[in-house]
Amino acid sequence: TAVRRFGSTNTLHRACKQGNFDIVKKILSPETLVNRPDVNGKDSFGSTALQEASYFGHDDI
């Protein structure tokens with residue numbers, strides 16, 4: 200599911216960190232209402248998925 204955890208992060212955090220824009224779009228699409236991760240959710244370091252994308256230079260996200 201879209202919320203499956205990878206250590207201290209979820210799929211949205213991982214996709215943002217890796218710059219995988221297509222996966223981010225799919226996770227946040229209106230069709231993905233069930234099991235959608237909280238866009239304001241923070242990882243164990245206190246970072247949101249958007250902050251991860253920005254930190255790793257993925258400005259398109």
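Numbering (my numbering), first residue to last: 200 to 260. Backbone N, C-alpha and C fix where the C-beta goes; we use that ideal spot for every residue, glycine too.
Judged by beta-carbon spacing, H212 lies within the 8 Å limit of D242, meaning their Cβ atoms are closer than that value. When DSSP states are grouped into helix, strand and coil, D221 belongs to the helix group. Here the alpha carbons of F244 and Q217 stand approximately 17 Å from one another.
If you ignore the 5 residues before and after C215, its C-beta comes within less than 7 Å of the C-beta of V223, A248, L249, E251, A252, H257, I260, all in its own chain and listed in chain order.
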